[in-house]
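Shown next, in structure tokens, is the structure this report addresses.
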Amino acid sequence: MTLYACPKTAMHHMHHRMGRFGLFFLRHIFSFRSTRTCCLHQGVLAGSHPCYRSIIPGHSCQHRRAESTALSQHMQDLTVPEQRLLNKLYQGLIGGQRASLAESITLVETQHPRKKELAQVLLQRVLAYSREQESRNGGKPMAFRVGLSGPPGAGKSSFIEVVGKMLTGLGHKVSVLAVDPSSCTSGGSLMGDKTRMTELSRDMNAFIRPSPTSGTLGGVTRTTNEAIVLCEGAGYDLVLVETVGVGQSEFAVADMVDMFVLLIPPAGGDELQGIKRGIIERADLVVVTKADGDLVVPARRIQTEYTSALKLLRRQSKSWNPKVVRASSLSGEGIPEIWAKMESYRDAMLASGELQGRRMAQQRIWMWSLIQENVLSHFQNHPSVREALPHLEQRVTKGAISPGLAADMLLKAFSSSSASS
Ligand SMILES: Nc1nc2c(ncn2[C@@H]2O[C@H](COP(=O)(O)OP(=O)(O)O)[C@@H](O)[C@H]2O)c(=O)[nH]1
Ligand SMILES: [Mg+2]
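Printed below as a string of structure tokens:
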């Protein structure tokens with residue numbers, strides 16, 4: 000990474016690299032005048048943003064102050080109504096108001112460029128608040144994030160309804176985010192949305208929200224991750240993320256939760272075909288669903304099969320061995336036991352520090368998947384690339400040139416005109 004001798008040059012270069020929003024965002028962070036965001040701004044400069052360490056030479060307090068003053072001069076970006084909106088959302092959200100949480104999630108889901116910027120400002124404030132809460136809590140996360148995946152019809156929503164009711168009954172605040180990668184492409188929904196969670200959706204201590212995605216994996220990553228952060232800030236101590244086991248979305252979800260649960264119906268081979276081996280490896284707990292009536296016998300069989308299958312897999316964690324359990328949402332059998340397992344998982348992972356470590360690693364994964372998504376779309380939309388692409392693609396298809404050569408040519412077109420812009 001380049002080292003810049005003066006902050007002004009650094010900012011100039013950053014502007015080029017990060018685009019308008021990057022700069023807007025930095026300015027905002029640097030000049031927020033509340034004490035809370037003051038720590039945030041220190042955090043951004045001091046530790047959590049390694050690129051600044053190398054961009055800003057010496058990295059002294061004086062440099063920091065100079066940067067921050069220079070930046071705050073520009074900070075007239077938020078209009079008064081925008082500031083008012085953000086304050087209202089933030090106060091409402093940390094005060095636990097459902098309407099504010101819902102509105103905030105809508106803001107992070109937006110495609111509108113300006114609103115996207117506002118959403119990032121709000122998220123930074125909520126993250127700073129959560130960090131403060133966490134440090135008061137002895138460094139422990141305020142919420143337990145659980146991902147639930149499995150084939151369509153496995154019984155995920157029914158399971159969440161029953162577990163969710165039990166948990167609100169125990170005094171927990173439960174939020175449910177349903178990630179449905181099919182909702183944009185097909186217009187249809189594999190989830191059946193809230194329909195199976197009728198009771199839970201009427202519960203004042205529960206918050207249920209389908210999490211529409213922009214149809215790409217990056218969409219799942221961004222909106223769901225951000226919605227999780229918002230739910231946590233709003234005081235929900237359990238965040239459940241339901242996702243259908245199609246495409247790559249379940250892997251994305253596995254990368255954003257503390258515990259990943261795979262639900263499997265007691266069905267024949269064909270229905271289980273769709274379950275990817277890779278996702279079984281990610282499961283901290285496997286639940287064989289619908290263990291009631293005629294299905295008890297097949298449920299037992301599936302449980303035995305998966306128990307032996309899991310034994311062959313590499314262990315993911317020092318402090319936890321994945322388990323296979325049976326449950327019925329219809330009869331309620333096995334449900335309290337499953338929650339007990341989830342709690343012991345959480346306690347073991349917290350005690351060993353693995354849970355905190357996983358979260359830290361996830362932040363990095365999250366950042367990189369957004370970068371990948373963005374860089375690729377930047378590349379694809381670049382005028383030189385767009386111009387050369389159809390022709391080169393055709394030549395590659397025909398075998399006239401090698402894919403490697405075509406890729407090199409496109410990358411060259413991209414980087415040479417980016418550098419001169
Ligand atoms: N017998 C039985 N049926 C269940 C159970 N849980 C869910 N179902 C049924 O399985 C179907 C799919 O359930 P749903 O919760 O929507 O599955 P999802 O697609 O994984 O969310 C529905 O017809 C449910 O009534 C259960 O514990 N026992
Ligand atoms: Mg469902």
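Reminder that position 94 of the sequence shown reads as 93 in numbering that gives the first Met the number 0, one-by-one numbering, no gaps. A virtual CB, placed ideally from N, CA and C, is assigned to each residue, including glycine. Predicted model only: the values in this text are computed from it and were never measured.
(request) Check whether the Cβ atoms of residue 229 and residue 368 sit closer than 8 Å, and answer yes or no. (result) In the sequence shown, residue 229 corresponds to position 230, counting from 1. In the sequence shown, residue 368 corresponds to position 369, counting from 1. Their beta carbons are not under 8 Å apart, which means residue 229 does not touch residue 368 by this criterion.
(message) At the level of alpha carbons, what is the spacing between residue 297 and residue 77?
(response) For the purposes of this step, residue 297 is identified with residue 298 of the sequence shown, where counting begins at 1. For the purposes of this step, residue 77 is identified with residue 78 of the sequence shown, where counting begins at 1. Computed Cα separation, rounded: 60 Å.
(request) Give the straight-line distance between the Cα atoms of residue 335 and residue 384, rounded to the nearest whole angstrom. (result) The sequence position of residue 335 within the sequence shown is 336, counting from 1. The sequence position of residue 384 within the sequence shown is 385, counting from 1. Each residue's Cα considered, the two are about 56 Å apart.
(request) Kindly give me the distance between the Cβ atoms of residue 167 and residue 224, rounded to whole angstroms, as I take these residues to be in contact under 8 Å. (result) Here residue 167 corresponds to residue number 168 of the sequence shown, with the count starting at 1. Here residue 224 corresponds to residue number 225 of the sequence shown, with the count starting at 1. At roughly 24 Å, the Cβ-Cβ gap does not stay under 8 Å, so residue 167 and residue 224 are not in contact.
(request) Specify whether the stretch 123 to 135 and the stretch 247 to 266 touch according to this definition: at least 3 beta carbon pairs, one from each stretch, less than 8 Å apart. (result) no
(request) Consider the C-beta atom of residue 241 and the heavy atoms of ligand 2; say whether any pair is separated by less than 7 Å. (result) Here residue 241 corresponds to residue number 242 of the sequence shown, with the count starting at 1. Checking every heavy atom of ligand 2 against the Cβ of residue 241, one is found closer than 7 Å.
(request) Could you tell me the boundaries of the beta strand (DSSP E) in which residue 209 lies? (result) Counted from its first residue, the sequence shown places residue 209 at position 210. Segment 205 to 210, the beta strand (DSSP E) holding residue 209.
(request) In the DSSP assignment, find the unbroken alpha helix (DSSP H) run with residue 100 in it and report its ends. (result) Looking up residue 100 in the sequence shown gives position 101. That run of the alpha helix (DSSP H) goes 97 to 108.
(message) Would residue 256 and residue 284 qualify as a contact pair, given that the criterion is a beta-carbon distance under 8 Å?
(response) Here residue 256 refers to the residue found at position 257 of the sequence shown. Here residue 284 refers to the residue found at position 285 of the sequence shown. No, the pair does not count as a contact, with Cβ atoms beyond the cut-off.
(request) Provide the residue(s) that pair with residue 258 in DSSP beta bridges, ordered along the chain. (result) Here residue 258 refers to the residue found at position 259 of the sequence shown. BP columns for residue 258 point to 145.
(request) Assuming residue 410 and residue 388 form a contact by the criterion Cβ under 8 Å, report the distance between their Cβ atoms to the nearest whole angstrom. (result) Position 411 of the sequence shown holds residue 410. Position 389 of the sequence shown holds residue 388. Contact doesn't hold; Cβ gap of about 12 Å is too wide.
(request) Under the assumption that residue 323 contacts residue 340 (Cβ atoms under 8 Å), give the Cβ distance between them as a whole number of angstroms. (result) Sequence index remark: in the sequence shown, residue 323 carries index 324 (1-based). Sequence index remark: in the sequence shown, residue 340 carries index 341 (1-based). Between residue 340 and residue 323 the Cβ distance is about 10 Å, and since that is not below 8 Å, they are no contact.
(message) I'd like the span of the beta strand (DSSP E) that includes residue 284, first residue to last.
(response) Start at 1 with the first residue of the sequence shown, and residue 284 comes out as number 285. From DSSP, the beta strand (DSSP E) with residue 284 extends over 284 to 287.
(message) Beta-carbon within less than 7 Å of residue 109's beta-carbon, same chain only, minus the 5 sequence neighbours each way: which residues are those?
(response) If you number the sequence shown from 1, residue 109 lands on position 110. Same-chain partners within the cutoff: 115, 118.
(message) So residue 426 and residue 279 are supposed to be a Cβ contact under 8 Å. How far apart are they, rounded?
(response) Since the first and last residues shown for the chain are 0 and 420, residue 426 lies out of range.
(request) Compute every distance between the C-beta of residue 289 and the non-hydrogen atoms of ligand 2, then say whether any falls below 7 Å. (result) Residue 289 sits at position 290 when you count from the first residue of the sequence shown. No; taking the cut-off as 7 Å, the Cβ of residue 289 has no heavy atom of ligand 2 nearer than that.
(message) Restricting to Cα atoms, I'd like to know which of 391, 291, 333, 275 is closest to residue 432.
(response) Nothing can be reported for residue 432, as the shown portion of the chain is limited to 0 through 420.
(request) Would you mind sorting residue 289 into buried or exposed? The rule is 16 or more other CB atoms within 10 Å of its CB. (result) For the purposes of this step, residue 289 is taken as residue 290 along the sequence shown, with counting starting at 1. That one is buried.
(message) Assuming residue 239 is part of the beta strand (DSSP E), what are its boundary residues?
(response) Locating residue 239 in the sequence shown gives position 240, counting from the first residue. Taken as a continuous stretch (DSSP letters only), the beta strand (DSSP E) holding residue 239 covers 237 to 243.
(message) Quick check on residue 80: buried or exposed, where buried means 16 or more other Cβ atoms within 10 Å of its Cβ?
(response) Counting from one through the sequence shown, the residue named residue 80 turns up at place 81. Residue 80 is exposed by the Cβ-count criterion.
(request) Determine, using beta carbons only, whether residue 147 and residue 239 come nearer to each other than 8 Å. (result) Position 148 of the sequence shown holds residue 147. Position 240 of the sequence shown holds residue 239. Their beta carbons are under 8 Å apart, which means residue 147 touches residue 239 by this criterion.
(request) Inspect the beta-carbon positions of residue 234 and residue 137 and report whether they are closer than 8 Å. (result) Here residue 234 is taken as the residue at index 235 of the sequence shown, counted from 1. Here residue 137 is taken as the residue at index 138 of the sequence shown, counted from 1. No; because the gap between Cβ atoms is not below 8 Å, this pair is not in contact.
(message) My assumption, with CB atoms under 8 Å, is that residue 398 sits in contact with residue 263. Please give the rounded CB distance.
(response) Reading the sequence shown from its first residue, position 399 is the one you call residue 398. Reading the sequence shown from its first residue, position 264 is the one you call residue 263. Incorrect: roughly 44 Å between the Cβ atoms, too far for contact.
(message) Given a cut-off of 8 Å on the beta-carbon distance, is the pair residue 208 and residue 176 in contact?
(response) Here residue 208 refers to the residue found at position 209 of the sequence shown. Here residue 176 refers to the residue found at position 177 of the sequence shown. Taking 8 Å as the Cβ cut-off, residue 208 and residue 176 qualify as a contacting pair.
(message) Can you give me the C-alpha to C-alpha distance between residue 266 and residue 303, rounded to a whole angstrom?
(response) If you number the sequence shown from 1, residue 266 lands on position 267. If you number the sequence shown from 1, residue 303 lands on position 304. Roughly 14 Å between the two C-alpha positions.
(message) For a quick check, are the C-beta atoms of residue 291 and residue 330 less than 8 Å apart?
(response) Taking the sequence shown and counting its residues from 1, the one referred to as residue 291 is at position 292. Taking the sequence shown and counting its residues from 1, the one referred to as residue 330 is at position 331. Going by C-beta atoms, residue 291 is nearer than 8 Å to residue 330.
(message) Nearer than 7 Å: is that true of the beta carbon of residue 329 relative to any heavy atom of ligand 1?
(response) Counting from 1 along the sequence shown, the entry for residue 329 is found at position 330. Residue 329 Cβ: within cutoff of ligand 1.
(request) Kindly indicate the opening and closing residues of the alpha helix (DSSP H) around residue 307. (result) Along the sequence shown, read from residue 1 onward, the residue named residue 307 stands at position 308. From DSSP, the alpha helix (DSSP H) with residue 307 extends over 295 to 310.
(message) Closest to residue 197 by C-alpha separation, out of 165, 160, 172, would be which residue?
(response) Taking the first residue of the sequence shown as 1, we reach residue 197 at position 198. It is 160 whose Cα lies nearest to the Cα of residue 197.
(request) Kindly indicate which three-state DSSP category residue 248 falls into: helix, strand or coil? (result) Counting from 1 along the sequence shown, the entry for residue 248 is found at position 249. Looking at residue 248 - three-state DSSP - the assignment turns out to be helix.
(message) For residue 263, list the residues DSSP reports as bridge partners.
(response) Residue 263 sits at position 264 when you count from the first residue of the sequence shown. Partner(s): 287.
(message) Classify residue 381: buried if its beta carbon has 16 or more other beta carbons within 10 angstroms, exposed otherwise.
(response) Locating residue 381 in the sequence shown gives position 382, where the first residue counts as 1. When all chains shown are included, residue 381 counts as buried.
(request) Work out the CA separation of residue 404 and residue 394 for me, nearest whole Å. (result) Against the sequence shown, residue 394 aligns to sequence position 395. Against the sequence shown, residue 404 aligns to sequence position 405. When the Cα atoms are used, residue 394 and residue 404 turn out to be separated by approximately 11 Å.
(request) Look at the alpha carbon of residue 415 and the alpha carbon of residue 346, and state the distance between them as a whole number of angstroms. (result) Along the sequence shown, one-based indexing puts residue 415 at 416. Along the sequence shown, one-based indexing puts residue 346 at 347. Taking the straight line from one Cα to the other gives about 53 Å.
(request) Locate the alpha helix (DSSP H) running through residue 347, then write down its first and last residues. (result) Translated into the one-based positions of the sequence shown, residue 347 becomes position 348. Per DSSP, residue 347 belongs to the alpha helix (DSSP H) from 334 to 351.
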